[in-house]
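Q: Residue numbers (mature numbering (1 follows the signal peptide of the UniProt record, and there is no 0)): -20 to -1, 1 to 476.
Dropping a structure here in structure tokens format, bear with me for questions.
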């Protein structure tokens, strides 16, 4: 079946036309149609989603590694000249472009939806379109949504408010849930995507749980918007019986990763970012980033041992780290991303981990969005999943939980701090963007230090990034109408 990638809008007209073709990439320019099948379209789109989340992109402007630095996981390597722009928060429209890869990914999922009559393919496309648009809003706040997929018929799409986009994607997820349930009950159910679905192998019950978990994340992200709380709690309760993903069915993908440098690299994306090449050479970010002292301390304090899996260690089991912004190299080779995260070049890539999902459920119960279950039980399960993901033992997790139990008798603020801080630990390093989102929503962890680079002088942590240069080049009127964006005071609508 022929499938033509829809033109999102003129913002993307200049994007990617000279980029090197990537492994399983559908297109780097939505103005250039490609021919493929729904099966390949689904595989390729899910693979690219995992690339975006796991810090792989077309160069430094599409890597989430800046969030890993700002959230205390990584520091710029002291063997390089200081990265003044990163370490002193000199952020401009040319600094980071997550807009282009996310909208391209939306275009791929939208093309999948319009090219197939199979309700399962269409529902998965809608779920992942919602997933991408949440990331667009979480990066940029207001953005084109209702006009975003009209192609050449509308070259200057208007911006929708971030809050309105959140409302729309929640409705989109609900529609996908309903469509899957209806298809499952039909007299002749449609064929599942099977192995083309590199996340759940066509198991639509698992997709229902993933969609419901995404729905919970969309609802909880808006916990600071009091006017929406009642409606959001009702929306979550309406599908609570579907259940959620957990450590047994995480949202991970694997299209058949190989330890090969061909086609811009076919290794799992986190490995392709922080691991080694097929011949053992260091990948770019393995050289350019090292362990952050905040992360190394937080992940080894109070009976925690996760830091020794998140980071490499010396022969004596020590993590060598530096504060973000330090320019003097330590006397011993600094630690890098460790084997707990970098298991192999062919390992699964995370889209949403079981531990993240369990902490979402713990907060959902704590805050009254989920009306049954125990927040403490889900908190414990989230910690256990985090330890297991890093290759650590249940005994080690049990020791940590004995020293750091869920504050059942504590205040709501203490319980929230415990859940979000544990989520921050579980998201190291692959989930830096999601950790950044939760930090801006809740303020936790509340002790992440700012850069110590001389002259940085940031008043507070970054609150958002500006729209990318490509948007001002091709949709200038609508982008400019959003006003001046301050990286220290402009906030996403849901931020604290």
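Using N, Cα and C, we set each Cβ at its ideal position, and we do this for glycine too.
1. Shortest alpha-carbon distance to residue 321 belongs to which of 370, 432 and 121?
2. Have a look at residue 168 and residue 156 and give me their C-alpha separation to the nearest angstrom.
3. Buried or exposed for residue 361, please, with buried defined as at least 16 other CB atoms from any protein chain shown within 10 angstroms of its CB.
4. Where does the unbroken beta strand (DSSP E) through residue 55 begin, and where does it stop?
5. Can you find at least 3 beta carbon pairs, one from the segment 397 to 412 and one from the segment 432 to 441, that sit closer than 8 Å?
6. Taking the continuous beta strand (DSSP E) assigned at residue 472, which residues delimit it?
7. Examine chain C for any beta-carbon lying closer than 8 Å to the beta-carbon of residue 206, and answer yes or no.
8. Restricting to runs no shorter than 4 residues, where is the alpha helix (DSSP H) found entirely within the segment 304 to 387?
9. Can you tell me the Cα-Cα spacing of residue 318 and residue 289, whole angstroms?
10. Rounded to a whole number of angstroms, what is the C-alpha to C-alpha distance between residue 126 and residue 141?
11. List the endpoints of the continuous beta strand (DSSP E) containing residue 270.
12. Touch check for the segment 248 to 258 and the segment 322 to 338: three-plus C-beta pairs under 8 Å?
13. Should residue 334 be labelled buried (16 or more other beta-carbon atoms within 10 Å of its own) or exposed?
14. Is the beta carbon of residue 332 closer than 8 Å to that of residue 225?
15. Distance check for residue 30 and residue 214, CA to CA, integer angstroms please.
16. Which of helix, strand or coil does DSSP assign to residue 44?
17. On the three-state DSSP scale, how would you describe residue 89?
18. What residues are listed by DSSP as bridge partners for residue 435?
19. Leaving out five residues on either side along the sequence, give the residues of the same chain with a beta carbon under 7 Å from the beta carbon of residue 114.
20. Going by other Cβ atoms of all chains shown within 10 Å of its Cβ, with 16 needed for buried, is residue 7 buried or exposed?
21. Using 8 Å for Cβ pairs, my map puts residue 223 next to residue 190. What's the rounded Cβ distance?
22. Cutting at 8 Å between CB atoms, please list the residues of its own chain near residue 460, excluding the five before and the five after it.
23. Considering only residues of the same chain and omitting the five flanking positions on each side of residue 26, which have a CB-CB separation below 8 Å?
24. Under the assumption that residue 395 contacts residue 355 (Cβ atoms under 8 Å), give the Cβ distance between them as a whole number of angstroms.
25. Under the three-state reduction of DSSP, which class applies to residue 292: helix, strand or coil?
26. Just checking my contact of residue 78 with residue 268 at CB under 8 Å: how many whole Å lie between their CB atoms?
27. With burial defined as no fewer than 16 other Cβ atoms inside 10 Å of the residue's Cβ, what is the status of residue 474: buried or exposed?
28. Checking 8 Å against the spacing of the C-beta atoms, do residue 266 and residue 195 come in under that value?
29. Is the segment 337 to 356 close to the segment 203 to 221, with three or more CB pairs under 8 Å?
30. How many Å lie between residue 378 and residue 366 at the Cα?
31. Could you check whether residue 67 and residue 56 sit closer than 8 Å to each other, using their CB atoms as the reference points?
32. Note down the Cα distance separating residue 282 from residue 336, rounded to an integer number of angstroms.
33. Helix, strand or coil: how does DSSP classify residue 231 here?
34. State yes or no: is the C-beta of residue 52 within less than 8 Å of the C-beta of residue 272?
35. Taking the straight line between their C-alpha atoms, what separation do you get for residue 186 and residue 120?
36. Could you check what DSSP says for residue 59 in three-state terms: helix, strand or coil?
A: In terms of the structure at hand:
1. 370
2. 19 Å
3. buried
4. 54 to 56
5. Counting Cβ pairs under 8 Å, fewer than three are found: no touch.
6. Run containing residue 472: none; DSSP gives neither H nor E here.
7. Judged by its chain identifiers, the structure shown contains no chain C, having just a single protein chain.
8. 334 to 346, 355 to 369 and 374 to 383
9. 5 Å
10. 11 Å
11. 269 to 271
12. yes
13. Under this definition residue 334 is a buried residue.
14. yes
15. 31 Å
16. coil
17. helix
18. Answer by DSSP bridge pairing: none, since residue 435 is not bridged.
19. 149 and 198
20. In this prediction, residue 7 scores a pLDDT of 48, lower than 50, which makes its location untrustworthy; no coordinate-derived value is stated.
21. Not really, about 10 Å apart at Cβ, beyond 8 Å.
22. Hits under 8 Å: 452.
23. 108, 177, 178, 179, 233, 235 and 331
24. 7 Å
25. coil
26. 19 Å between Cβ atoms; not a contact.
27. buried
28. no
29. yes
30. 12 Å
31. Yes; because the gap between Cβ atoms is below 8 Å, this pair is in contact.
32. Taking the straight line from one Cα to the other gives about 21 Å.
33. strand
34. yes
35. 30 Å
36. coil
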